Amino acid sequence: MSSPEPPAPSLPPSVPPRDGRVPQYLVLVACASALTALYFSRVFATGEMFSARDSLYVYLPAFHYWREAVLGGRIPEWLTLDGFGQPFAGTLVVAPFHPSKLLYLLLSLNHAFNANILLCFPVALLGMYALTRLWEVPRPGAFLAGMAYAFSGYLVCITNNLCYLMAAATVPWALWATERQLRAPGAGRLLLAGLVLALVLLAGDVQAFCVTYGLVVLLALSSPVESRRARLVSVLGVLGVGTLLASPQLFSSAALMGTAQAGGRTLDIAQEYAVHPLRLLEPLLGAYLELPDERPDVTLAIVTKLAPSGYASFWVGSLYLGVPVLLLAGVAAWLNRRSRRLWFWGGVWLFVLGLSLGPVLPLYEALYTWVPPWRVFRYPTKLVPFLGLGVCFLAALGWKHVFEGEGRRVFLRLAAAVGVGCLVLIVGESLGRGFTALLLVPRWPEMPGELRELLSRQFVLVSGVALVSAVLCVGGVLWTRGSAGVLLVTQFVSGFVVGFGSYELLTPEVLSTPPPFAEHILSQPREDSRVPIRVASHYDVAGVTSLIPGMDARQWRTLVAAQTLMPDTPGLWGMESADGTLPATSRRVRAVVWDVTPWFLERAPLFSVAYSVHPLVEWQALEAAGKKNAVTDRSIKAVLVEHPGVLPRVFLANARCVASYEAAMPGLADPLVRAGQVALVECGEGGAGLASGDTSPVGGQVKVERYEAETLDFEVESPRDAVLIVNDAWFPGWTAMVDGVETPILPANVAVRAVPVKAGRHRVTLTYRDVAARWGLGVSAMTFLGLLGFAVVRRPREAS
Numbered sequence: 010m011s012s013p014e015p016p017a018p019s020l021p022p023s024v025p026p027r028d029g030r031v032p033q034y035l036v037l038v039a040c041a042s043a044l045t046a047l048y049f050s051r052v053f054a055t056g057e058m059f060s061a062r063d064s065l066y067v068y069l070p071a072f073h074y075w076r077e078a079v080l081g082g083r084i085p086e087w088l089t090l091d092g093f094g095q096p097f098a099g100t101l102v103v104a105p106f107h108p109s110k111l112l113y114l115l116l117s118l119n120h121a122f123n124a125n126i127l128l129c130f131p132v133a134l135l136g137m138y139a140l141t142r143l144w145e146v147p148r149p150g151a152f153l154a155g156m157a158y159a160f161s162g163y164l165v166c167i168t169n170n171l172c173y174l175m176a177a178a179t180v181p182w183a184l185w186a187t188e189r190q191l192r193a194p195g196a197g198r199l200l201l202a203g204l205v206l207a208l209v210l211l212a213g214d215v216q217a218f219c220v221t222y223g224l225v226v227l228l229a230l231s232s233p234v235e236s237r238r239a240r241l242v243s244v245l246g247v248l249g250v251g252t253l254l255a256s257p258q259l260f261s262s263a264a265l266m267g268t269a270q271a272g273g274r275t276l277d278i279a280q281e282y283a284v285h286p287l288r289l290l291e292p293l294l295g296a297y298l299e300l301p302d303e304r305p306d307v308t309l310a311i312v313t314k315l316a317p318s319g320y321a322s323f324w325v326g327s328l329y330l331g332v333p334v335l336l337l338a339g340v341a342a343w344l345n346r347r348s349r350r351l352w353f354w355g356g357v358w359l360f361v362l363g364l365s366l367g368p369v370l371p372l373y374e375a376l377y378t379w380v381p382p383w384r385v386f387r388y389p390t391k392l393v394p395f396l397g398l399g400v401c402f403l404a405a406l407g408w409k410h411v412f413e414g415e416g417r418r419v420f421l422r423l424a425a426a427v428g429v430g431c432l433v434l435i436v437g438e439s440l441g442r443g444f445t446a447l448l449l450v451p452r453w454p455e456m457p458g459e460l461r462e463l464l465s466r467q468f469v470l471v472s473g474v475a476l477v478s479a480v481l482c483v484g485g486v487l488w489t490r491g492s493a494g495v496l497l498v499t500q501f502v503s504g505f506v507v508g509f510g511s512y513e514l515l516t517p518e519v520l521s522t523p524p525p526f527a528e529h530i531l532s533q534p535r536e537d538s539r540v541p542i543r544v545a546s547h548y549d550v551a552g553v554t555s556l557i558p559g560m561d562a563r564q565w566r567t568l569v570a571a572q573t574l575m576p577d578t579p580g581l582w583g584m585e586s587a588d589g590t591l592p593a594t595s596r597r598v599r600a601v602v603w604d605v606t607p608w609f610l611e612r613a614p615l616f617s618v619a620y621s622v623h624p625l626v627e628w629q630a631l632e633a634a635g636k637k638n639a640v641t642d643r644s645i646k647a648v649l650v651e652h653p654g655v656l657p658r659v660f661l662a663n664a665r666c667v668a669s670y671e672a673a674m675p676g677l678a679d680p681l682v683r684a685g686q687v688a689l690v691e692c693g694e695g696g697a698g699l700a701s702g703d704t705s706p707v708g709g710q711v712k713v714e715r716y717e718a719e720t721l722d723f724e725v726e727s728p729r730d731a732v733l734i735v736n737d738a739w740f741p742g743w744t745a746m747v748d749g750v751e752t753p754i755l756p757a758n759v760a761v762r763a764v765p766v767k768a769g770r771h772r773v774t775l776t777y778r779d780v781a782a783r784w785g786l787g788v789s790a791m792t793f794l795g796l797l798g799f800a801v802v803r804r805p806r807e808a809s
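Here this note's numbering is used: the first residue of the sequence shown is 10, the next is one more, and so on.
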């Protein structure tokens with residue numbers, strides 16, 4: 010955040026509004042909310058809900074799970090719907106401690122989810138407004154900066170991944186609160202700064218939390234020398250309080266470090282979803298490689314052939330910022346080109362830009378190699394909102410120069426240059442296919458002519474919008490009386506036009522209406538309705554080539570994802586997914602499911618997976634392995650496969666001791682293990698003498714008395730000493746009581762639980778308690794209450 014090193018102004022005292030006038034902050038909130046409603050008017054016009062990618066894959070099932078648990082009278086500590094189960098608090102991306110969860114208790118699931126997403130945009134706008142106002146930016150300029158940030162391409166597109174949207178919306182507020190504390194320290198301001206900083210992590214984005222920590226430190230380092238030491242001390246206080254307030258999430262995540270495995274497990278995985286250099290014009294023009302109305306296989310071809318991301322799509326479809334905000338940022342950069350602070354922050358943003366490009370530059374690899382904590386992060390495109398924040402802040406300073414200083418002429422020159430450049434791009438593409446022929450065709454010589462024409466039209470369209478925006482900026486600044494309004498309207502309207510269709514909606518009926526595959530599974534008789542059905546999916550919607558006439562291509566793709574039970578959608582209809590999509594999935598579970606061939610052909614029934622969905626091309630191999638074709642959907646070329654010989658969720662088996670889960674992996678192919686007669690148990694010292702060598706069926710009986718997320722209760726009758734296998738993920742935090750006596754829970758069959766039982770009848774109870782989360786909540790509560798009490802006590806003294 011560059012500036013010409015102005016003196017740090019003191020914050021003006023709050024002045025009560027004049028009689029009869031609406032308080033200014035209410036006007037700002039109303040304007041921000043109205044713009045959000047206008048930008049996302051399709052949500053209100055159609056009554057549909059946000060549904061793109063992870064919205065349906067992860068968030069809606071997880072929030073449905075949380076909502077049902079809390080309304081049923083329990084606080085969920087164990088999440089059953091993914092990867093054989095995992096700690097709910099450790100599943101960072103579902104924001105288990107964020108206050109937005111209250112929405113899901115007050116509204117229906119789809120309305121709460123829409124409200125959760127939509128509230129992020131006025132929050133982001135007002136946060137950017139408040140931040141830039143600290144540097145005495147005029148209100149219209151601060152509002153434009155907030156509007157450009159809130160409705161940037163990244164934030165609009167990341168409605169498909171709520172935790173990153175909430176974090177990006179909170180970051181400006183964290184910087185604002187920290188800067189206020191640095192300028193005028195106080196207990197109340199310290200508490201506020203720490204609280205907002207903690208909310209970045211509680212939103213579910215640990216990378217944004219760490220980067221914001223870095224920016225907070227840089228705020229102090231970029232201050233004048235004479236105040237730097239005091240500001241650094243104050244910053245340490247903010248970081249300390251923020252860390253303590255975020256303790257529930259930090260403690261829960263730290264407790265999983267030896268058990269779960271997330272983040273960039275290799276450099277290649279860490280650098281997936283990087284910003285491709287071919288997209289570097291998008292902040293100015295908008296998305297020109299995104300064709301949302303086309304079939305998923307077209308998007309897959311564009312991404313893999315032209316701008317590879319490591320996946321079948323881009324992390325976000327647009328990086329748009331807008332012509333007005335970029336012109337204003339250019340004015341500030343040019344007029345402050347001799348400012349040390351500009352060069353300091355410019356170096357920071359260039360560093361972030363280099364990281365966001367991933368494998369294009371060696372920067373990300375160097376950081377991954379030499380800074381081990383960075384390895385928990387992945388997807389370099391997630392750094393883009395910080396670049397947008399820096400540009401928007403710089404644009405706010407540029408507004409000051411244009412309307413209060415000598416920047417008007419520089420602005421007009423830049424606008425003219427951008428307009429001429431856009432005109433050249435339009436003419437060159439229209440007459441000679443300059444963009445497609447020079448940049449796209451060399452990367453994909455066999456590109457179909459129809460697709461080349463579509464991309465060419467898209468490029469001309471977004472270039473035309475940028476040209477009109479540049480012309481309006483020139484006219485607006487020349488028209489002195491209404492120039493501020495013209496820039497504000499141009500920024501919003503251009504973003505609305507370019508971003509139309511950047512977000513995806515779907516009817517909320519999908520939440521309550523199981524698709525055909527799910528309906529078939531739920532209609533089958535089962536032994537105990539209290540034990541959820543576990544399923545898996547190996548289908549990828551990126552390969553879908555069919556469309557339903559009249560239906561949006563992305564809506565069809567989302568419906569196909571629900572039909573094929575992709576990742577955690579089964580949770581919407583009371584089932585569980587074995588896929589291990591969420592970050593707190595046990596590394597043991599990942600070891601079992603990672604190699605998909607043995608997983609689906611051999612191992613799935615061993616772990617109580619009754620059904621799985623596959624593309625039709627895989628059916629021949631599945632049939633050869635003895636699987637049954639339950640249902641075929643030829644419209645999407647998918648097959649629902651039933652796995653014969655599936656083991657129950659709880660059963661008795663003979664123990665065969667192994668040293669580690671790595672040593673147990675080959676044994677999963679043993680017919681005795683697959684039949685449930687033998688279990689591979691990591692006996693250790695606590696299980697000495699478990700292995701009797703007997704491999705005949707144990708027999709006996711296991712009766713389920715209670716099967717809830719955090720509490721499992723069984724009546725067990727065993728004819729001889731054996732182990733009770735519970736086919737849910739082994740994790741620290743689970744305890745077992747056999748007839749009231751605590752008994753160790755041992756890892757079995759690589760990933761699940763084994764409880765030793767003696768011959769005879771027994772009552773076995775397993776309970777889960779997230780001790781780390783409970784300690785974290787205690788630390789956070791004490792920190793909050795302590796600082797709040799201190800602030801209340803100090804306030805009268807300061808006033809006196």
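Built from N, CA and C at the ideal position, the CB exists for glycine as well. Quick caveat, the model's predicted, so the values are computed rather than measured.
Under the three-state DSSP convention, the category P680 falls into: In the sequence shown, the residue the question calls residue 680 occupies position 671. Note: P680 maps to helix in three-state DSSP.
With a threshold of 8 Å on Cβ separation, who are the neighbours of F49 within its own chain once the five nearest residues in sequence on each side are excluded? Counting from 1 along the sequence shown, the entry for residue 49 is found at position 40. Excluding sequence neighbours, F49 sits near L127, F130 and Y512.
Taking the alpha carbon of A424 as the point to measure from, which residue in L487, P451 and P454 has its own alpha carbon closest? Position 415 of the sequence shown, counted from the first residue, corresponds to residue 424. Measuring from the Cα of A424, the nearest candidate turns out to be L487.
Please state whether the Cβ-Cβ distance between V750 and V766 is less than 8 Å. Residue mapping note: residue 750 aligns to position 741 of the sequence shown, counting from 1. Residue mapping note: residue 766 aligns to position 757 of the sequence shown, counting from 1. No, the Cβ-Cβ distance between V750 and V766 is not below 8 Å.
Based on Cα-Cα distance, which residue from N638, E627, E536 and V667 lies nearest to S617? For the purposes of this step, residue 617 is taken as residue 608 along the sequence shown, with counting starting at 1. If we check each option's Cα against that of S617, E536 comes out closest.
Taking the alpha-carbon positions, what's the S492 to G485 distance? Here residue 492 refers to the residue found at position 483 when the sequence shown is read from its first residue. Here residue 485 refers to the residue found at position 476 when the sequence shown is read from its first residue. Per the coordinates, the alpha-carbon of S492 lies some 4 Å from the alpha-carbon of G485.
Limits of the unbroken alpha helix (DSSP H) element including I754: Here residue 754 refers to the residue found at position 745 when the sequence shown is read from its first residue. No residue range can be given for I754, since it is assigned to no alpha helix (DSSP H) and is classified by DSSP as neither H nor E.
For G195, which of A279, V247, V205 and E57 has the nearest alpha-carbon? In the sequence shown, the residue the question calls residue 195 occupies position 186. Nearest in C-alpha terms to G195, of all of A279, V247, V205 and E57, is V247.
When DSSP labels each residue in this structure, what does D63 get in the three-state scheme? As a position in the sequence shown, residue 63 is number 54, starting the count at 1. Looking at D63 - three-state DSSP - the assignment turns out to be helix.
Given 8 Å as the limit, is there contact between the region 632 to 646 and the region 657 to 670, that is, 3 or more CB pairs closer than that? The region 632 to 646 is not in contact with the region 657 to 670.
Does the region 370 to 386 come within contact of the region 135 to 147, defined as at least 3 CB pairs closer than 8 Å? These segments do not touch.
Pairwise C-alpha distance: D577 and V67: Here residue 67 refers to the residue found at position 58 when the sequence shown is read from its first residue. Here residue 577 refers to the residue found at position 568 when the sequence shown is read from its first residue. The alpha-carbon atoms of V67 and D577 are separated by roughly 6 Å.
Limits of the beta strand (DSSP E) - the one that G494 falls within: Counting from one through the sequence shown, the residue named residue 494 turns up at place 485. Counted as a single uninterrupted DSSP element, the stretch harbouring G494 is not any beta strand (DSSP E) but the alpha helix (DSSP H) occupying residues S492 to G508.
For a test of the three-state rule: what should DSSP assign to Q95, helix, strand or coil? By 1-based counting over the sequence shown, the position of residue 95 is 86. Here Q95 sits in strand by DSSP.
Simplified DSSP state of T792, which is helix, strand or coil: In the sequence shown, residue 792 corresponds to position 783, counting from 1. Three-state result, T792: helix.
Check C166 in the structure and name its three-state DSSP category. Taking the first residue of the sequence shown as 1, we reach residue 166 at position 157. Residue state for C166 is assigned as helix, using DSSP reduced to three classes.
Name the DSSP bridge partner or partners of M58? Numbered from its first residue, the sequence shown carries residue 58 at position 49. The partner list for M58 (beta bridge, DSSP) reads L515.
By how many angstroms is the C-alpha of L101 removed from the C-alpha of G589? The count along the sequence shown starts at 1 and reaches residue 589 at position 580. The count along the sequence shown starts at 1 and reaches residue 101 at position 92. Straight through space, the alpha carbons of L101 and G589 are spaced by roughly 14 Å.
Report buried or exposed for M156, applying the criterion of at least 16 other Cβ atoms within 10 angstroms of its Cβ. Working through the sequence shown from its first residue, we reach residue 156 at position 147. Per the 10 Å Cβ criterion, buried.
Note down the Cα distance separating G331 from L293, rounded to an integer number of angstroms. Along the sequence shown, one-based indexing puts residue 331 at 322. Along the sequence shown, one-based indexing puts residue 293 at 284. Between G331 and L293, the C-alpha separation is close to 5 Å.
Reference K409, options R422, L337, Q33 and I435, closest by Cα: Counting from 1 along the sequence shown, the entry for residue 409 is found at position 400. Of R422, L337, Q33 and I435, the smallest CA-CA separation from K409 is found for L337.
Should K391 be labelled buried (16 or more other beta-carbon atoms within 10 Å of its own) or exposed? As a working note, residue 391 is residue 382 in the sequence shown. Buried, since its Cβ has 16 or more Cβ neighbours within 10 Å.
Using CA coordinates, which residue listed in A296, S232 and F609 is at the minimum distance from R288? As a first step, residue 288 must be located in the sequence shown, where it is residue number 279. Closest option to R288, Cα to Cα, is A296.
So the alpha helix (DSSP H) Y138 belongs to, where does it begin and stop? Locating residue 138 in the sequence shown gives position 129, where the first residue counts as 1. First-last of the alpha helix (DSSP H) with Y138: L118 to R142.
Taking the runs of the beta strand (DSSP E) that are 3 residues or longer, which of them lie wholly in the region 271 to 319? If only complete runs of 3 or more residues are kept, the region 271 to 319 shows no beta strand (DSSP E) anywhere.
Between S19 and the rest of its own chain, which residues show a CB-CB distance below 6 Å, the 5 nearest in sequence each way excluded? On the sequence shown, position 10 is the one that residue 19 refers to. With a pLDDT of 42 at S19, under the threshold of 50, the modelled position of that residue is not reliable, and no figure is offered here.
Residue burial classification, V780 (beta-carbon count within 10 angstroms, cutoff 16): Along the sequence shown, read from residue 1 onward, the residue named residue 780 stands at position 771. Of the other Cβ atoms in all chains shown, fewer than 16 fall within 10 Å of the Cβ of V780; this residue is therefore exposed.
Grouping DSSP H, G and I as helix and E and B as strand, with all else coil, what is W608? By one-based count along the sequence shown, residue 608 stands at place 599. DSSP, reduced to helix, strand and coil, places W608 within a helical segment of the structure shown.
Taking the C-alpha atoms as reference points, what is the distance between V38 and L115? Taking the sequence shown and counting its residues from 1, the one referred to as residue 38 is at position 29. Taking the sequence shown and counting its residues from 1, the one referred to as residue 115 is at position 106. Rounded to the nearest angstrom, the two C-alpha atoms are 22 Å apart.
Where A269 falls: helix, strand or coil (DSSP): Locating residue 269 in the sequence shown gives position 260, where the first residue counts as 1. DSSP places A269 in strand when its eight states are reduced to three.
For the putative contact between A178 and G136, defined by C-beta atoms under 8 Å, what is the C-beta separation to the nearest angstrom? Here residue 178 corresponds to residue number 169 of the sequence shown, with the count starting at 1. Here residue 136 corresponds to residue number 127 of the sequence shown, with the count starting at 1. About 7 Å separates the beta carbon of A178 from that of G136, a gap short enough to meet the 8 Å contact definition.
Environment of T187 [buried if 16+ CB atoms lie within 10 Å]: Taking the sequence shown and counting its residues from 1, one reaches residue 187 at position 178. Flag for T187 reads buried.
What is the rounded straight-line gap between the Cα of A342 and the Cα of Y670? The residue labelled residue 342 in the question sits at position 333 within the sequence shown. The residue labelled residue 670 in the question sits at position 661 within the sequence shown. A342 and Y670 have their C-alpha atoms roughly 57 Å apart.
Would you mind working out which of V540, A193, P541 and W565 sits nearest G552, comparing C-alpha positions? Taking the sequence shown and counting its residues from 1, one reaches residue 552 at position 543. Nearest to G552 by alpha-carbon distance, out of V540, A193, P541 and W565, is W565.
If I follow the unbroken beta strand (DSSP E) through R762, where does it start and stop? Start at 1 with the first residue of the sequence shown, and residue 762 comes out as number 753. Counting along the chain, the beta strand (DSSP E) containing R762 begins and ends at V761 to V766.
What do you reckon, are the CB atoms on Q280 and G367 nearer than 8 Å? Walking along the sequence shown from the start, residue 280 turns up at place 271. Walking along the sequence shown from the start, residue 367 turns up at place 358. Going by C-beta atoms, Q280 is nearer than 8 Å to G367.
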